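Protein chains in written order, with the numbering used here: chain Y, 53 to 103; chain C, 634 to 860; chain L, 1221 to 1473.
First comes the structure, then the notes that go with it.
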Amino acid sequence: MQWGSVAEFVAMGGYGLYVWISFGATALCMGGEVLAVWRRSAAVVASRNEL
Amino acid sequence: MSQPSMSEALRGVVRRDLLLAMRRRSDVAMSVFFVVIVASLFPLGVGPEQAVLRMIASGVLWVTALLACLLSLGRLFTADYLDGVLEQTLLIPQPLAVLVVGKVFAHWVISGLPVVLLSPLLGLQFGLSGDSLVVLTLSLLLGTPTLSMIGAIGAALTLGLRGSGLLVALLVLPLFIPVLIFGAGAVTNSLAGIGSEANLSLLGACFMLSLAFAPWATAVALRIALE
Amino acid sequence: MSTAGINWFKYSSPQAFHPLAGRLIPWFAAAALGLSGVGLYLGFFVAPTDATQGDAYRIIFVHVPAAWMSMFLYVIMAVWAGIGLGLNARPSFMMAQAIAPTGALFTFLALLTGSMWGKPTWGAWWVWDARLTSELILLFQYIGIILLRSSIDDLRRADRASAVLALVGVVNVPIIYFSVRWWNTLHQGASVSITAAPSMAGSMVTAMLVMTLAFWMYSFAVTLARMRCVIVERERQPSWGKQATIPDVVEAR
């Protein structure tokens, strides 16, 4: 393990803010996209069943 | 009666559009006044210091010409589209791309050429002189028809759509950017004493490229819009 | 009965594609999750700290994959657009339609993470270097394609117009890149290039490639899922000038 402690891992050598915003935003956006497509698919199924 | 040749058709289209424009001189005047007013906004916003103005001159004047072209694109096909002439134009046996070249050329004469002719005066307003003025005029001479040709693609794609003015801008501005970079770059370089031949030849290349492909793409877009 | 392999053309009909896509999505999703896990592990726990950039460089493990995907997806979207125009094939247009939002998302992420990387390494949130600027223009082009499609009510015209735009745009991308690079070198612009990344240790390269593959799998999954939505949504509309009849709609269930 190259990280002495969890605190070191989070700090990322002082660049923690940038690193975690990047990874966080990526995860958020991709998760958000998955959610959006899932909701769209549910809406499609729902309106199909209305017929 | 023999079929008119391509060049005859081309000349016919150009003549017709120029005639129509001459009956409404305001179109020419509009482009000119727009450029003059907008170019004047920058010294008012940025301050009258000559050194600053000279530095921003190439970018400001080029962006202004670009915006003028953008705003005038609405007039390229809309009138003909609304009164049904455009549909008829599609039925003409001559290649649509050739007719598009004619329309774009006429459009440029009305909205682009006046800007080119006015540019030395505007350049003087911004403290440009001598060589830079020549380069500015030359760059706009090569650049504005290129912008018109590229813009025609956007105008054709958005024909008849609601809110097409803004949409055209969104679609076409990314395509304008290389021309802007080379054009404004030519003037900046000439101001800096570096040669502007490279940028001007790249502008020429953009012109050639757009002449080869844009009318064809515009024709395709017109057919799509009018089916 | 012919046993000469799978008849791929069967899947070019939306009715057949829909269930096939449905079966494939879970596999791609699982692959995406698995590869991300591996990639992130490699990126954070195996790849060493960089000598010059410290730990900030680790952003490349999302930045570079996102940037690559944004470009791949644009080209693939343009290819489908071209096929659609050439063969007058509706499913190709649907595929292009399904790809665009994901491509735009990756472009946005590439810009965001690039900015996050730029601040600590170059000291600026934004620089006008060739790659960042080209990426920004790419985002504009994606958005233009999506907006154009949504502005046109007639489905056939929307398909074909956005296809033309995609193709015109794909030509623009290398031109933008070279023009900005030229502009940059003349202006003696940013002297640090994003490509002058830390001379990559093997583990760094591996992690980056694994993450890229993970993003690929993700793209497949999301695009196929979106495509399924598009297929069903279109069944309900009178498509391409045809008037929908009750039997059509009932048959679609």
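Backbone N, C-alpha and C define an ideal beta-carbon position, used for all residues, glycine too.
Owing to the predicted nature of the structure, the values given are computational and were not obtained by experimental measurement.
Should F1185 of chain L and D1270 of chain L be called a contact, given that it needs their Cβ atoms to be closer than 8 Å? A question about residue 1185 of chain L goes unanswered here, because the residues of chain L that appear run from 1221 up to 1473.
TODO: Return the first residue and the last residue of the alpha helix (DSSP H) that D660 of chain C is part of.
DONE: Looking at the DSSP string, the run of the alpha helix (DSSP H) that includes D660 of chain C is S659 to V679.
Tell me where the alpha helix (DSSP H) around N101 of chain Y begins and ends.
Per DSSP, N101 of chain Y is one residue of the alpha helix (DSSP H) stretching across G68 to N101.
- prompt: With distances taken between CB atoms, is the gap from A1330 of chain L to H1283 of chain L smaller than 8 Å?
  reply: In this structure, H1283 of chain L lies closer than 8 Å to A1330 of chain L by Cβ.
Where in the region 1338 to 1392 of chain L do unbroken runs of the alpha helix (DSSP H), each at least 4 residues long, occur, reported from the N-terminal end onward?
If only uninterrupted alpha helix (DSSP H) runs of at least 4 residues are considered, those enclosed by the region 1338 to 1392 of chain L are 1350 to 1371.
- Task: Look up G1274 of chain L in the DSSP assignment and say whether it is helix, strand or coil.
- Result: Here G1274 of chain L sits in strand by DSSP.
Checklist entry - Between L1332 of chain L and L652 of chain C, what straight-line distance do the alpha-carbon atoms span, to the nearest angstrom? => result Straight-line measurement puts the Cα of L652 of chain C at about 51 Å from the Cα of L1332 of chain L.
Item to complete: Spell out whether any CB of chain C is found under 8 Å from the CB atom of S1290 of chain L.
Response: Closer than 8 Å: no.
Is T1272 of chain L buried or exposed, if buried means 16 or more other CB atoms sit within 10 Å of its CB?
By the neighbour-count rule (16 or more Cβ atoms within 10 Å), T1272 of chain L is not buried but exposed.
Using a Cβ-Cβ cut-off of 8 Å (strictly less than) and excluding sequence neighbours within five positions of V693 of chain C, which residues of its own chain qualify? Excluding residues within five positions, the ones whose Cβ falls inside 8 Å are A672, F675 and F759.
I'd like to check one pair, G1334 of chain L with L1352 of chain L: are the Cβ atoms closer than 8 Å?
Cβ atoms of L1352 of chain L and G1334 of chain L: closer than 8 Å.
- Residues near M1245 of chain L in its chain [Cβ-Cβ closer than 7 Å; skip 5 each side]: Checking the sequence shown, residue 1245 of chain L turns out to be Ile, not Met. A1441, L1444 and A1445, listed in sequence order.
ask   = Are there three or more Cβ pairs, one per stretch, closer than 8 Å when the region 825 to 843 of chain C is compared with the region 706 to 721 of chain C?
value = The region 825 to 843 of chain C is not in contact with the region 706 to 721 of chain C.
* Asked: So, L780 of chain C versus V749 of chain C, is the Cβ gap smaller than 8 Å?
  -> No.
Rounding to the nearest angstrom, what Cα-Cα distance links G818 of chain C and L1325 of chain L in this structure? Near 32 Å, if we compare the C-alpha coordinates of L1325 of chain L and G818 of chain C.
> Nearest chain Y C-beta to I1279 of chain L closer than 8 Å, yes or no?
Replying inline: Closer than 8 Å: yes.
| message | So N1392 of chain L contacts chain C; which residues on that side make the cut at Cβ distance below 9 Å? | response | The answer, in chain order, is P807, L808, I810 and P811.
*asked:* With the cut-off set at 8 Å, would you say L1276 of chain L and E1355 of chain L are in Cβ contact?
replied: One detail in the question is off: residue 1276 of chain L reads as Ala in this sequence, not Leu. No, these two residues do not count as a Cβ contact at 8 Å.
Given a cut-off of 8 Å, decide if F1292 of chain L and G1259 of chain L are closer than it, judged by their beta-carbon atoms.
No, they are not a contact pair.
- Query: Would you say R1310 of chain L reaches chain C, if we count a Cβ-Cβ gap shorter than 8 Å as a contact?
  - Reply: It does not: the Cβ of R1310 of chain L has no partner Cβ on chain C nearer than 8 Å.
From M1437 of chain L to T1426 of chain L, what distance separates their C-alpha atoms?
-> Cα-Cα distance, rounded: 17 Å.
_Contact criterion: CB-CB distance below 8 Å. Does G1409 of chain L meet it with respect to chain C?_
Bear in mind that the predicted position of G1409 of chain L carries a pLDDT of just 43, short of 50, making it unreliable; the figure below should be weighed with that in mind. Closer than 8 Å: no.
Among C:V733, C:S691, C:A654 and C:R656, which one has its Cα closest to the Cα of F846 of chain C? Measuring from the Cα of F846 of chain C, the nearest candidate turns out to be C:V733.
I'd like the list of long-range same chain contacts for D713 of chain C, defined as Cβ closer than 6 Å, with 5 residues on each side in sequence excluded.
Excluding sequence neighbours, D713 of chain C sits near L719.
**Distance between beta carbons of L808 of chain C and V1393 of chain L, contact taken as under 8 Å** = At roughly 11 Å, the Cβ-Cβ gap does not stay under 8 Å, so V1393 of chain L and L808 of chain C are not in contact.
Mind listing which residues of the region 1247 to 1261 of chain L have their C-beta closer than 7 Å to chain Y's C-betas, in chain order?
None of the residues of the region 1247 to 1261 of chain L has a beta carbon lying less than 7 Å from any beta carbon of chain Y.
Which class does G784 of chain C belong to by DSSP, given the choice of helix, strand or coil? DSSP places G784 of chain C in helix when its eight states are reduced to three.
If you drop the 5 nearest sequence neighbours on each side, which residues of the same chain put their C-beta closer than 7 Å to that of A854 of chain C? Its chain contains I786, A789 and L790 as the residues whose beta carbon lies nearer than 7 Å to that of A854 of chain C, once the 5 sequence neighbours on both sides are disregarded; these appear in chain order.
Exercise for the section: With a cut-off of 8 Å on the beta carbons, I'd call M1428 of chain L and P1268 of chain L a contact; round off their distance for me. Expected result: Not quite, the Cβ-Cβ distance comes to about 14 Å (not below 8 Å), so this is no contact.
Give every residue of the same chain whose Cβ lies closer than 7 Å to the Cβ of W695 of chain C, excluding the five residues on either side of it in the sequence, and list them in chain order.
For W695 of chain C, where only same-chain residues beyond five positions count, the Cβ hits under 7 Å are L813, G816 and A817.
Q | Chain-order list of residues whose beta-carbon lies under 6 Å from that of S1382 of chain L (same chain, five-residue window excluded) | A | Excluding residues within five positions, the ones whose Cβ falls inside 6 Å are I1365, L1368 and R1369.
If you reduce the DSSP assignment to three classes, tell me which class R55 of chain Y lands in.
One detail in the question is off: residue 55 of chain Y reads as Trp in this sequence, not Arg. In the structure shown, W55 of chain Y sits in coil (DSSP, three-state: anything other than H, G, I, E or B).
>> Let me confirm a value: A1236 of chain L is counted as buried when at least 16 other C-beta atoms fall within 10 Å, else exposed. Which label applies?
In response: Taking a 10 Å sphere around the C-beta of A1236 of chain L, we find fewer than 16 other C-beta atoms and assign the residue as exposed.
Just verifying my parser: in three-state terms, what is the DSSP assignment at M1420 of chain L?
In the three-state reduction of the DSSP assignment, M1420 of chain L falls in the coil class, being assigned neither a helical nor a strand state.
>> Please report the distance separating the alpha-carbon of F666 of chain C from that of F1435 of chain L.
In response: Put simply, the backbone Cα of F666 of chain C is about 51 Å away from that of F1435 of chain L.
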